Structures are given as C-alpha cells and as structure tokens.
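Encoded as structure tokens, the structure appears first; notes follow it.
Number of protein chains: 2
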Amino acid sequence: MNERQALDIFAALSQETRLRIVRLLINAGPDGLAAGSIGEAMEAASSRLSFHLSHLETAGLVQSRREGRSIIYSAVYPTLSDLIEFLLRDCCQGHPEICTPALAALSPCCEKPKGPANA
Amino acid sequence: MNERQALDIFAALSQETRLRIVRLLINAGPDGLAAGSIGEAMEAASSRLSFHLSHLETAGLVQSRREGRSIIYSAVYPTLSDLIEFLLRDCCQGHPEICTPALAALSPCCEKPKGPANA
DNA sequence: CATTCATTTCAATATCTATTGAGATATCGA
DNA sequence: TCGATATCTCAATAGATATTGAAATGAATG
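Residue numbers (the numbering used here), protein chains in the order written: chain A, 7 to 125; chain B, 7 to 125.
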C-alpha cells in the first residue's frame, strides 16, 4: 500500500453511494451481490451504479465476476486491512502508545457474539 | 461515529496535501506542529494550508491551539480509531473471519521495534 | 501605539467529480 | 437467430472542491 493507493481508496470511500455499497458488500460476505441487487438496494440507475462500482473496483475495494447474465461484485477484504495498516503504521514507529488504544477499540468488534454470557 | 462523519473523514483524507499533513502530525506526536512548520514541510502557501487545515479540523482529524503568535495543530488519534472501528464493525457482525486477519495484520505495527532480535 | 510576524478570510478561477439519458455490448432462452 | 435481460460506455451538464493572491485579523515587541 503506497500513498497513491491510499488516496484512491479514501476518495472511493468519501462518496455516500460508494461507502454504502462497500458496507453492503462487506456484510454480504464472499459470495457478493449482483450489480442489479446492489442497484435496487441503492435505488440508483444502472449507469450511475456502474460508475461507482468501477470506481470501487479501480481502487481495489471490490472485485467482480460474471455469472450468467449478471455481474457479481464482492468486497476485497485485504484492501481494507492494508488501508488500516497504512494509516497506523507510521504513527506506531516510535508512538506505539497511540496505536494500542486503536487496536483495543477494534478487538471487541471482532468477537463473535455467540452467547449471552460475555465471559 | 456515523456515516456522515465517516464520509467527511474519508473526504478529508482523500486529498494528497491533507493526507500528508495528517501523517506528519501523527508522527509529530501530541505536541503537534505550528501551522508555519507544516506549511514549510508541505511547501504550501499559507492560504492553501489554512484551507486544508480547517478542512481537517472540521472532520475532527486535527485540533488546534494558539501558542503566542503561532497556532499549533496536532492529530486527534481517537478519530482515527473510531473510523477504523466504523469500517470494521459492520463486517464483523457475523463475519469475524473477515476482521480477524485485519487485526492480525495490524498487531505487528504496534509492536515497539526495540531490539534487533525479532523473536 | 506602530510595526512585524503568523495565520485566516475572501473572491475569482480552474479543475475534478457525479449524474443523466441514450445507445452499445454480452448472455440466455425460445 | 430474435427478443428479452443485465450491465456497461459515452458525451453532455451540473455540482463540488482546490488554488491563487490580496486583504483582514490577532498577538507580540520595541
């Protein structure tokens, strides 16, 4: 991950429709969603949707595959973790006290909410 | 952290000068840097710098304080961790296998590089 | 209290980005 | 192959954002 890539990703995520698409696809999981389904969820015309999806794909945040008549889009998770790493890496060189709280804030988000007992 | 805030932060970080300022301030630590020093580092005219700094401040990524004739800017670290949390939170609801690698990628970045022995 | 220094504000302009609608392309089934 | 479906591409327009230079503000110093 270099600066140029990071800028592209931030630009991609700075647009409401695109941010929603990314979050939708992240939640949709590895199977992804057809462009048409995304368009319905976003209430966006096909050309507009296509514009945003290709923007996201260029930034490396989503990938696409053809499946019959549909084109299926799915999130590219490593891009997100690389981005986060890019954001935090520099700050941690000599300032680990800064990033440790960030990690602490993140950790609970990755615990599977399986039972009511939290211990 | 809501969607609107996240959009503002991504927009703030999607501009080359602003991303560099944020990284500079993150590395500068809690003491921060005077606007003039930042301007030198960025080779940016004062009005241009001011435009970007106020953009960053509005997004909550930096804060400022007056110190004599100078205005000192410093990074707001919690905003970054909130942003990361916002990005990852949804995806982890039901998809912890997605976020765990992200965290694994992050963890080493927060280890203080103290000695040559890496074990 | 006038001068200098540090930074911001403002207005004009240039550049970049998003939306729209029409048409092109690709796939499938009859 | 024809028609229907799904998606993309293109060109025009509208809207948002960045840069510039000049002028204003606020704080320190003699």
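Positions of the beta carbon are idealized from the N, C-alpha and C atoms, including for glycine. Remember, predicted model here, so these are calculated numbers, not experimental data.
Exercise. Give, in chain order, every residue of the stretch 61–95 of chain B whose Cβ lies closer than 7 Å to some Cβ of chain A.
Key: Those residues of the stretch 61–95 of chain B placed with their C-beta closer than 7 Å to a C-beta in chain A are Y83, L86, S87, I90, E91, L93, L94, R95, ordered along the chain.
Quiz item: What does a CB cutoff of less than 6 Å around A40/A pick up in its chain, not counting 5 residues either side in sequence?
Solution: Result list for A40/A: S76, I78, in chain order.
Exercise. Could you check the C-alpha separation between G121/B and L25/A for me, to the nearest Å?
Key: Note that G121/B scores 43 on pLDDT, short of 50, meaning its location in the model is unreliable; the coordinates nonetheless yield the value given after this. About 41 Å.
Self-check item: Nearest-angstrom beta carbon gap, F92/A and F16/B [assumed within contact, 8 Å]
Solution: About 14 Å; that fails the 8 Å criterion.
Quiz item: Which value, in whole angstroms, describes the spacing of the CA atoms of A65/A and D14/A?
Solution: Distance between the alpha carbons of A65/A and D14/A: 6 Å.
Exercise. Check whether the stretch 79–89 of chain B touches the stretch 18–35 of chain B, taking contact to mean three or more Cβ pairs, one atom from each stretch, closer than 8 Å.
Key: With the rule of 3 Cβ pairs closer than 8 Å, the stretch 79–89 of chain B counts as touching the stretch 18–35 of chain B.
Quiz item: Mind pulling the chain B residues with CB within less than 7 Å of S20/A?
Solution: Those within 7 Å of S20/A in chain B are L13, F16, A17, S20.
Quiz prompt | E73/B versus T23/B, I27/B, G42/B, residue with shortest Cα-Cα distance | solution = Checked all of T23/B, I27/B, G42/B; the closest Cα to E73/B is G42/B.
Practice problem: Report all residues from its chain with a CB closer than 7 Å to the CB of L55/A; omit the five preceding and five following residues, and keep chain order. | Solution: Excluding positions up to five away in sequence, the list reads A41, I44, G45, M48.
Quiz item: Identify the residues that DSSP records as bridge partners of R75/B: which are they?
Solution: Residue pairing from DSSP leaves R75/B without any beta-bridge partner.
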